[in-house]
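Enquirer: Handing you this structure, nothing more for now.
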Ligand SMILES: [Zn+2]
């Protein structure tokens, strides 16, 4: 059954580039004992494993606590000839009442497909985490602006929010999140 369902999955054979944001000396956002770089890597590794099990060919920009420039991340995605590019981040705000999950895309390259990818992933993240739905938005973040394949940047939750940081500390929630993102990727390729 597992093999049969795997072969039917439209993600089979697709190269999915996973970019866990920040790393090494660049912690990214911090809050409630969380370093964004670690949250991103944890989720990215889980996503890598879910996609691999589904028959995709995931490639990660980093698999440890290392740092690549934004340009290097874009170059790695291009070199991998990725079908899609997913950057994983967590959010921050000076106001700790800001919370929720959002997905960004950019209109420079593959605008329609990037939007479609964002729309497939965003509701899956919200339902996996039970966070507030902040929706799909546009912004010219470097890695999604310069990646020429369909690309999205996921803001999984706010490390500066007591609500979201509690969620992002739980392995079970991060695993459900990875499953949700993987489902969203599959439905994008349907
Ligand atoms: Zn970030």
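In the numbering used here, the protein residues as written are 162 to 351.
Built from N, CA and C at the ideal position, the CB exists for glycine as well.
Everything numeric in this text was worked out from a predicted model, so none of it was measured.
1. What is the residue span of the beta strand (DSSP E) that residue 298 lies within?
2. Considering residue 273, what are the terminal residues of the beta strand (DSSP E) in which it resides?
3. Using 7 angstroms as the cut-off, classify the Cβ of residue 263 as near or not near the heavy atoms of ligand 1, replying yes or no.
4. Taking all protein chains shown into account, do 16 or more other C-beta atoms lie within 10 angstroms of the C-beta of residue 279, making it buried, or fewer, making it exposed?
5. Only counting runs of 4 or more residues, tell me where the alpha helix (DSSP H) segments fall wholly within the region 162–223, in order along the chain.
6. Tell me whether residue 174 counts as near ligand 1, meaning its Cβ is closer than 7 angstroms to at least one heavy atom of that ligand.
7. Taking 7 angstroms as the cut-off, is the C-beta of residue 182 nearer than that to any heavy atom in ligand 1?
8. Mind checking residue 230: buried by the 16 CB within 10 Å criterion, or exposed?
9. Output the boundary residues of the alpha helix (DSSP H) element that contains residue 238.
10. Can you tell me whether residue 353 is buried or exposed? The criterion is at least 16 other CB atoms within 10 Å of its CB, across all chains shown.
11. Is it buried or exposed for residue 258, if we count other Cβ within 10 angstroms and need 16 for buried?
12. Ordered along the chain, which non-local residues of its own chain (more than five positions away) have a Cβ less than 8 angstroms from that of residue 254?
Expert: In terms of the structure at hand:
1. 294–299
2. Unbroken run through residue 273 is the alpha helix (DSSP H), 272–290; no beta strand (DSSP E).
3. no
4. buried
5. 163–169 and 197–214
6. no
7. yes
8. exposed
9. 231–240
10. The structure shown has nothing for residue 353, since the chain only spans 162 to 351.
11. exposed
12. 319, 321 and 322
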